[in-house]
Amino acid sequence: MKLFHILLLLLLPLCVRAQTIPKEELVFLTADWKGERFPDGRPKIPDAIIEQARTVSLDDVWTILEGEGYHCQFDGGWKTIYDNKPIVGRAVTAMFIPARPDVEAHVKERGQQKGFKGNSNSWPIQQLSKGDVYVADGFGKIAEGTLIGSTLGNAIYARSGNGVVFDAAARDLEGLKEIEGFNALVRDWDPSFLKNVMLSGLNVPVRIGRAVVLPGDLVVTSSEGVVFVPAHLAEKVIGIAAFIQIKDKFSFEMLKAGKYTPGELDNNWPDAIRQAFLEWQHKQQGQKPMTRQELDKLLEKRTW
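FYI, in mature numbering (1 follows the signal peptide of the UniProt record, and there is no 0) the residues of the sequence shown are -18 to -1, 1 to 286.
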């Protein structure tokens, strides 16, 4: 039996029985994260990194992750409320599967014992805090796969100040549009109610299309799709992505002036271009002057 199938058999019963992954398991799965954590063990990426992530290009983030060896962090093909309002924040994950009455009854009983209220599709919302993004694997179900409507949308935004990414559907698009600041990436919109779907895991590793997501990952969306940045790489990836934006602005100006060729600017810069960049960057308003040492470090193992 393949290792993936063995892990699936081990993890799925754990998710169904326990509803949430034990803290020690979440810490184990995200062991490369050395920073602050939420009480449940989820990595707590600093707010400053999240704010910076709002300004970078998703394409650059994807490219940097590719260079780091992370090839399964992006998924596209979404419908969204607003193409021009990125969703950025820390992932709270949920896994949904087709309903089975006996299992669903046990899940609801245990959930109620743990203090969860209402239907299980609202339980992930109770885990949200400011800056979180609710990320759900709804196995791509559209009709009767609507994980939220405007009521739950309002509840999500009230707790997180953020939006959602659902490999499933949502309903009441017009009502969701009325929630100022809210956005959603879903597979489609559908007027039906959620039916024959049950929650099987909360804050567990999930698959979103061709991407894998762990609780606490940094979620970054654009009109192209969504990328999930492992928490331990967030500061590095977003920092490099921010530098790439500055580098590209410099390169475009140099190309327009005819000072350098595309081939020179797209390769590892020689001393002359590095010095020209530093002189240019130091003149840019609102930019912290970069040292030669900082620049050399960024360009040392360039994979983007």
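Glycine is no exception: its CB is placed at the ideal position from the N, C-alpha and C atoms.
Using a Cβ distance threshold of 8 Å, Ala76 and Gly183 count as a contacting pair. With contacts defined as CB atoms closer than 8 Å, Asp230 and Val211 fail to qualify as a contacting pair. For the segment 132 to 169, the continuous beta strand (DSSP E) assignments of 3+ residues that do not extend past its boundaries occur at 146 to 149, 166 to 168, in sequence order. Leu215 carries a helical assignment under DSSP once its states are collapsed to helix, strand and coil. Counting only residues of its own chain and dropping the five nearest sequence neighbours on each side, Ile32 has a CB closer than 8 Å to the CB of Val70, Gly71, Arg72, Gly113, Leu200. Inclusion of Gly120 and Gly127 in the CB contact set at 8 Å is warranted, their separation being smaller than that value. In summary, Asp84 is exposed, with fewer than 16 beta-carbon neighbours lying within 10 Å of its beta-carbon over all protein chains present. DSSP places Ala125 outside both helix and strand once states are collapsed to three, so it counts as coil. Val179 and Thr273 have their C-alpha atoms roughly 55 Å apart. A Cβ-Cβ separation of about 10 Å leaves Ala35 out of contact with Val209 under the 8 Å criterion.
Out of Phe20, Pro244, Leu280, Ala258, the CA that lies nearest to the CA of Phe225 is found in Leu280. Close CB contacts of Cys54 within its chain, under the 7 Å cut and outside five residues either way in sequence, are with Arg192, Ala193, Val194 (chain order). Note on geometry: alpha-carbon atoms of Asp57 and Leu40 lie some 11 Å from one another. Between the C-alpha atoms of Trp105 and Val74 there is a straight-line separation of about 11 Å. For Asp22, there is no enclosing alpha helix (DSSP H), as DSSP marks it with neither H nor E.
Uninterrupted beta strand (DSSP E) stretches at least 3 residues long and entirely within the segment 30 to 95 occur at 56 to 58, 70 to 80, given in chain order.
Per DSSP, reduced to three states, the secondary structure at Arg189 is strand. Taking Arg284 as the centre and dropping the five residues before and after it, the same chain places the C-beta of Asn250 closer than 8 Å to its C-beta, in chain order.
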